[in-house]
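S.K.: In our numbering, the protein residues as written are 2 to 101.
1) Go ahead and pull the three-state DSSP assignment for residue 76.
2) Rounded to whole angstroms, how far is the Cβ of residue 76 from the Cβ of residue 65, which I believe are closer than 8 Å?
3) Sorted by chain position, which residues of the same chain lie with C-beta nearer than 8 Å to residue 83's C-beta, five sequence neighbours on each side aside?
4) Report the rounded CA-to-CA distance for residue 59 versus residue 43, giving the unit in angstroms.
5) Quick one: give me the first and last residue of the alpha helix (DSSP H) that residue 71 is part of.
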């Protein structure tokens with residue numbers, strides 16, 4: 002007795018499914034992918050700007066906006082320049098050692 006058409010398709014699907022399971026996993030997946038990823042060093046990432054929130058008097062904000070119009074980086078650039086000038090490292094004098 003011959004098989005029905007749907008039974009033939011089911012048998013074919015099982016056969017194909019078994020062949021797919023028996024195939025080797027490509028190297029781009031699994032453990033091989035981790036080995037490749039480890040070999041390639043990542044490029045150093047540029048530091049990302051950090052968002053801060055400030056509460057400033059309105060008069061100071063107006064001055065800040067005026068300065069920002071002439072600065073190429075805008076308000077962020079003006080604030081960054083001001084902070085760098087404020088926190089500029091200062092040289093400390095060495096203490097004189099007492100003579101014995």
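Virtual Cβ for every residue (Gly too), placed ideally from N, Cα, C.
M.R.: Checking against the coordinates, here is how it stands:
1) DSSP places residue 76 in helix when its eight states are reduced to three.
2) 6 Å
3) Nothing listed; no residue qualifies.
4) 45 Å
5) 59–71
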